[in-house]
Structure formats: C-alpha cells, structure tokens
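Numbering (my numbering), first residue to last: 5 to 257.
Glycine included, each C-beta is placed from N, C-alpha and C at the ideal position.
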C-alpha cells in the first residue's frame with residue numbers, strides 16, 4: 005500500500021499517521037477502526053462479489069466507504085498495519101457455537117507482534133489482546149481470556165464463554181477463499197440467512213438488522229422498526245455512512 009492509500013485509509017478511520025508502529029498506536033488504530041467501519045454482510049444480499057485481494061478490500065472500505073465481515077475487515081486492516089511497519093500475520097480460527105467449532109477458515113484474525121488484533125468479529129474486544137497472556141484481560145467489550153487447548157490451539161473466551169478457536173500457524177489471505185465462499189453461498193451460513201450492519205459507538209452500539217434499527221446506549225437497548233425503503237436507506241446513510249441505491253433483502257431459500 006503506497007503512502008497516498010495509507011493516508012486515505014487513516015482519514016477513513018479518523019486517525020493520524022503514527023510516529024512509530026508501537027503498542028499505543030495499535031490500540032488507537034484498532035478502536036478507531038471499530039468506531040468508523042461497520043461490520044456488515046450487505047454484499048451477500050446485494051449480489052456483489054467479494055474478492056480477497058488487499059487492494060480490492062481497501063478500495064471497498066476507503067473508496068466506497070463500506071464495511072464487511074471478518075475476511076474483508078481484518079484483511080484490509082492487516083494491509084494497513086503492514087504498510088505502517090507492523091509485523092502482521094494472518095491467523096485462521098473456527099467460531100465456537102453451541103454445536104461446536106465452525107468450518108475450517110471460519111474466521112480470519114490477525115497477529116501483530118504479541119497482540120491478537122481483530123476488527124472483524126462484530127461485538128468483541130475494543131482493543132487488541134495479548135496473545136501470550138493466559139490470565140484475564142479487561143476490555144470495554146468484556147473480560148477476555150486466551151487459553152491453550154490440548155491440540156496446541158488457542159481458545160478466545162469473552163466473559164467466560166468461548167468465542168473462537170485460533171490456530172497459531174501463519175496463513176495467507178488467499179487461504180481463506182473457500183471459507184469466504186462458503187459463508188457467502190451456503191444455506192447453512194448465518195450470513196446468507198441474516199442481514200446485518202453494525203457499528204461500535206462511543207456509548208454502545210448501533211445495528212440495522214434487516215429493517216429493525218437497534219440502539220444500545222450505556223447498556224440500554226431500544227428497537228425501532230423502520231418503514232419504507234427510503235427510511236431504511238436513510239438509516240444506512242445516517243448511522244453507518246453507507247450509501248446504497250437499493251435496500252438489501254434476505255432472499256427465501
């Protein structure tokens with residue numbers, strides 16, 4: 005990523021060029037990204053392609069002022085961090101649900117030095133987590149802990165509940181193409197069965213789930229059912245900075 009693109013990306017998230025690639029700058033960049041770039045799966049329901057190429061991902065976030073899900077958000081953020089001088093590694097993870105781990109390459113996270121970096125898991129840690137720390141790590145998003153498994157993987161837990169199982173072997177962005185394709189196309193993927201656009205705010209979170217706008221402010225949740233298409237498009241624009249020419253809809257399978 006050249007200097008012009010770096011400056012444009014930093015402007016997108018409201019960040020200054022760091023003086024050096026240190027831990028303090030990483031924390032600031034991580035939080036600013038979460039506050040500026042929404043977690044969303046709109047492309048799936050708009051019939052848009054998702055290309056796991058750093059230039060394409062950065063263009064979507066910076067030029068089109070959109071968001072994405074894990075492969076897109078962490079893929080683009082990893083490119084920015086690398087351009088700023090951080091030593092970045094792509095890591096594969098499997099989301100841990102009630103039915104056990106998800107598919108291989110279910111989730112893309114990043115490692116930057118001793119830090120687990122993840123701006124692509126929706127409602128999660130606001131700051132990077134120490135990947136080598138086995139005690140509790142307090143974060144505005146909850147109490148996190150990273151625990152070793154018998155197979156040598158790492159379980160990331162939030163408030164005592166498993167979030168995902170992380171492999172420690174370095175991966176490349178193209179390794180996640182099959183996982184991304186599955187999430188975009190499979191009837192079993194929650195991304196094909198739901199529609200979400202969600203953003204961290206200074207006081208909580210705002211989410212547009214289909215036509216329901218959900219505001220969480222200081223722990224208090226309020227829901228508002230939106231009306232016609234114009235109102236939905238205005239909500240995308242006002243709350244997420246996302247300009248759309250039509251309302252995405254989940255198609256019946």
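- Counting only the Cα atoms, residue 169 lies some 19 angstroms from residue 77.
- Annotation: residue 107 is outside any beta strand (DSSP E) and is labelled neither H nor E by DSSP.
- For residue 36, the enclosing alpha helix (DSSP H) starts and ends at 27-40.
- Residue 53 and residue 47 have their C-alpha atoms spaced approximately 7 angstroms apart.
- Cβ-Cβ distances below 6 angstroms link residue 218 to 211 and 227 in the same chain, with the five nearest sequence neighbours on each side left out; the list follows chain order.
- Per DSSP, the beta-bridge partners of residue 152 are 158.
- For the options 192, 240 and 83, the alpha carbon positioned closest to that of residue 202 is the one of 240.
- Shown here, residue 135 sits in coil according to DSSP, grouped into three states, outside any helix or strand.
- Under DSSP, residue 239 forms no beta bridge with any residue.
- Counting other Cβ atoms within 10 Å of its Cβ, residue 251 reaches 16 or more and is therefore classed as buried.
- Runs of the alpha helix (DSSP H) lying entirely within the region 65-104 and spanning at least 4 residues, in chain order: 74-87.
- For the alpha helix (DSSP H) assignment, the uninterrupted runs of no fewer than 4 residues enclosed by the region 163-209 are, from N- to C-terminal side, 181-189 and 194-197.
- Taking the Cα of residue 6 as reference, the smallest distance to any Cα among 159, 89 and 141 is reached at 89.
- The C-alpha of residue 215 lies about 43 angstroms from the C-alpha of residue 154.
- Between residue 92 and residue 116, the CB-CB gap stays under 9 angstroms.
- Between the C-alpha atoms of residue 238 and residue 72 there is a straight-line separation of about 19 angstroms.
- Approximately 32 angstroms separates the beta-carbon atoms of residue 196 and residue 207; this is outside 8 angstroms, ruling out the contact.
- In the three-state scheme derived from DSSP, where H, G and I count as helix and E and B as strand, residue 52 is classed as coil.
- Distance from the CA of residue 67 to the CA of residue 57, rounded to the nearest whole angstrom, comes to 15 angstroms.
- For residue 215, there is no enclosing beta strand (DSSP E), as DSSP marks it with neither H nor E.
- Per DSSP, residue 224 is one residue of the beta strand (DSSP E) stretching across 224-229.
- Straight-line measurement puts the Cα of residue 173 at about 22 angstroms from the Cα of residue 87.
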